[in-house]
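A short write-up of the structure that comes next.
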Ligand code: IPM
Ligand code: MN
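Residue numbers (the numbering used here): 3 to 352.
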């Protein structure tokens, strides 16, 4: 029995989590594994109920689970109000920190069926396949913060150990891919970036099969758009990774199809890259594929590689069959129809 904490969160979160659970259920019958789900509140909905974006009960259930399936977080009523002390996003940030989820993996690839959807030219994006490895529990997000009436500061700090553990992980992934790592930093200006370069360089020397390149983040922002195929594994710190991964999502044709995994020593959290998309809430129009592919990443993390592959293949078939939502299809299917189609494919083909 595998214990899953399901945290649907805000906006379209509940709708897409429903679809990904549907898919996990169909796979569980094929690979004969039982999953047990516990649903908990996080984000704006938890603030509304408990005035706490990460209630103790949610954290407890997460800690007792084998993996966490996360929907989305955020609500417009909390945006553009800089005086608020409690914000939905704090729930996710605290969860990452409390569970030690130090690495965020964001695979970005192009799908032949979706090439025309990207504002980028087909010949630039076709056959792109990169993995962004973003450090997730350090840097500006978690350094000391100060806020006074006419002064504020956020501090960027990194220790060698924080850099090392995520670098080891990036190297493991690079070895399973094309043996190339590009470290994205701002080492011409920032001390923390210089520490990253030094530390990553030292580790890479012990792995001669790895080709390590460096790129300043401003240049990288351009290179991702003009020549994305040059990247295999991108390794970067927290804020740069946040920005670069939204940018890279343009290559896939829609942010609605990009999954992610946040992993630590003993825990994994799986979530779509997209946010809570409040305008689409309860309309059954959101793309469930990012959440479904996140479930695939979860199965792989739990050791069920063949289950993960079933989902991947079924999703690709849904794209080929043009059963997809409005963000990627002029003749769209609804969220639940896409889920049903993928589920049926798994039931009938494995
Ligand atoms: C992400 C999100 C989060 C982040 C927000 C919701 C705090 O943008 O997962 O990329 O900035 O890390
Ligand atoms: Mn982000």
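Note that CB positions come from ideal geometry on N, CA and C, so glycine has one too.
Would a C-beta distance cut-off of 8 Å place residue i and residue j closer than the cut-off?
{"i": "residue 297", "j": "residue 272", "result": "yes"}
{"i": "residue 42", "j": "residue 59", "result": "yes"}
{"i": "residue 76", "j": "residue 277", "result": "yes"}
{"i": "residue 18", "j": "residue 261", "result": "no"}
{"i": "residue 64", "j": "residue 101", "result": "yes"}
{"i": "residue 282", "j": "residue 14", "result": "yes"}
{"i": "residue 312", "j": "residue 233", "result": "no"}
{"i": "residue 4", "j": "residue 304", "result": "yes"}
{"i": "residue 128", "j": "residue 322", "result": "no"}
{"i": "residue 71", "j": "residue 9", "result": "yes"}
{"i": "residue 69", "j": "residue 56", "result": "no"}
{"i": "residue 110", "j": "residue 134", "result": "yes"}
{"i": "residue 293", "j": "residue 22", "result": "yes"}
{"i": "residue 259", "j": "residue 301", "result": "no"}
{"i": "residue 330", "j": "residue 230", "result": "no"}
{"i": "residue 308", "j": "residue 33", "result": "yes"}
{"i": "residue 335", "j": "residue 327", "result": "yes"}
{"i": "residue 345", "j": "residue 36", "result": "no"}
{"i": "residue 78", "j": "residue 280", "result": "yes"}
{"i": "residue 316", "j": "residue 348", "result": "yes"}
{"i": "residue 201", "j": "residue 165", "result": "yes"}
{"i": "residue 194", "j": "residue 239", "result": "yes"}
{"i": "residue 212", "j": "residue 176", "result": "yes"}
{"i": "residue 117", "j": "residue 160", "result": "no"}
Could you tell me which residues DSSP puts in a beta bridge with residue i?
{"i": "residue 270", "result": "265"}
{"i": "residue 238", "result": "136, 186"}
{"i": "residue 111", "result": "131"}
{"i": "residue 217", "result": "186"}
{"i": "residue 8", "result": "41, 71"}
{"i": "residue 156", "result": "147"}
If we cut at 8 Å on Cβ distances, does residue i have a partner in chain B?
{"i": "residue 192", "result": "The chain inventory of the structure shown lacks chain B, comprising one protein chain alone."}
Could you have a look at residue i and say whether DSSP puts it in helix, strand or coil?
{"i": "residue 55", "result": "coil"}
{"i": "residue 231", "result": "helix"}
{"i": "residue 38", "result": "strand"}
{"i": "residue 3", "result": "coil"}
{"i": "residue 197", "result": "helix"}
{"i": "residue 365", "result": "An answer regarding residue 365 cannot be provided, because it is not within the stretch 3 to 352 covered by the chain."}
{"i": "residue 386", "result": "Since the displayed the chain opens at 3 and closes at 352, residue 386 lies outside it and no answer follows."}
{"i": "residue 292", "result": "helix"}
{"i": "residue 123", "result": "coil"}
{"i": "residue 100", "result": "helix"}
{"i": "residue 2", "result": "Residue coverage of the chain in this structure runs from 3 to 352, which leaves residue 2 outside it and unanswerable."}
{"i": "residue 106", "result": "strand"}
{"i": "residue 172", "result": "helix"}
{"i": "residue 342", "result": "helix"}
{"i": "residue 161", "result": "coil"}
{"i": "residue 191", "result": "coil"}
{"i": "residue 259", "result": "helix"}
{"i": "residue 297", "result": "helix"}
{"i": "residue 167", "result": "helix"}
{"i": "residue 336", "result": "coil"}
{"i": "residue 222", "result": "helix"}
{"i": "residue 13", "result": "coil"}
{"i": "residue 93", "result": "helix"}
{"i": "residue 279", "result": "coil"}
{"i": "residue 328", "result": "coil"}
{"i": "residue 244", "result": "helix"}
{"i": "residue 87", "result": "coil"}
Three or more C-beta pairs below 8 Å linking the segment 208-224 and the segment 256-276: no
Stretch-stretch touch, CB-based, cutoff 8 Å, three pairs: the segment 98-111 with the segment 158-174: yes
The segment 244-262 / the segment 32-49 touching (three or more Cβ pairs under 8 Å): no
Any 3 or more C-beta pairs closer than 8 Å across the segment 113-126 and the segment 81-93: no
Validate contact between the segment 178-185 and the segment 137-154 using beta carbons, cut 8 Å, 3 pairs: no
Around ligand 1, Cβ to any heavy atom closer than 5 Å, ordered along the chain: 91, 244
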